[in-house]
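Now the structure itself:
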């Protein structure tokens, strides 16, 4: 894979049944977005979902964001990656992460190791003794890197990083850590809502599942947010920083700020009321033209 287009989509695809997921993937492709990224967490299994999405589209790049290193051993991930690229003409991007201790230990029943050491060991096994590097176009692999040491590892061993729940300031720091040659693909939540109170309510609901997780919380503190700003679901400053809201111009300014800070690719995630099933399509249609 030599190039990833500038604008992509991130969405919690487990919200959809098969018919809805098929239609969503085709809509993302028809609107001209470069890539569709999807999570694993407690929803659809990552490799199976990747195969489905690739099978429903023709040109769209598809990326796991992220496949947990605790969900399958490195050999299975390598074979899955190879298989999906073989059947799709090289359209699959393997995004890997260390997940979070509660998910790994309570849900999967594994011991949660030291994140940096666990990821390094996994990437070493994933490459194998004589295979191409994980930055090779046939093996495009990313790390969900937030902190400085994980970003360094992404630079050293993979094609780049896919940070989540970040700001343009983090993008600036990540670019410095990765250097000019590695890919930096960042997720940005958006809410096309000019009523600030409603936008912040939706942002708080969207972020509540992430607030207790140390990986994200520690990163927000590194970025300069305070414990007071993170308390009680986050204050207005924090919510506005994490979920770009307002009219199209206001949201585009935040996405542009990521590009100015060094992002190669920004994947936007629509944030909306759960019962507003047409909201993702509306938002994606509104922002596709500034690809």
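Residue numbers (our numbering): 283 to 573.
Every residue, glycine too, gets a C-beta built ideally from N, C-alpha and C.
Treat the numbers as computed from the prediction; the structure is a model and nothing was measured.
For this session: Assign residue 370 to one of three DSSP states: helix, strand, or coil.
Result: helix
For this session: Classify residue 553 as helix, strand or coil using the three-state DSSP reduction.
Result: coil
Exercise. Excluding the five sequence neighbours on either side, which residues of its own chain have a C-beta within less than 8 angstroms of the C-beta of residue 570, listed in chain order?
Worked result: 289, 313, 314, 315
Exercise. When you compare only the Cα positions, how much space is there between residue 320 and residue 296?
Worked result: 9 angstroms
For this session: Using a threshold of 9 angstroms, state whether the C-beta atoms of residue 350 and residue 380 are closer than that.
Result: yes
Exercise. Where do the ends of the alpha helix (DSSP H) carrying residue 404 lie?
Worked result: 397 to 409
For this session: Report the three-state DSSP secondary structure of residue 545 (helix, strand or coil).
Result: coil
For this session: Identify whether residue 334 lies in helix, strand or coil by the three-state DSSP scheme.
Result: helix
Exercise. So residue 310 is in the alpha helix (DSSP H); what residue range does that whole segment cover?
Worked result: 300 to 312
For this session: From the DSSP output, in three-state form, read off residue 378 for me.
Result: strand
Exercise. Under a three-way DSSP split, which group does residue 561 fall into?
Worked result: helix
Exercise. Could you check where the beta strand (DSSP E) with residue 353 kicks off and where it finishes?
Worked result: Note, residue 353: premise wrong, no beta strand (DSSP E); not H, not E.
For this session: Return the chain-ordered list of same chain residues with a C-beta closer than 6 angstroms to the C-beta of residue 533, the five sequence neighbours on each side being excluded.
Result: 472, 526
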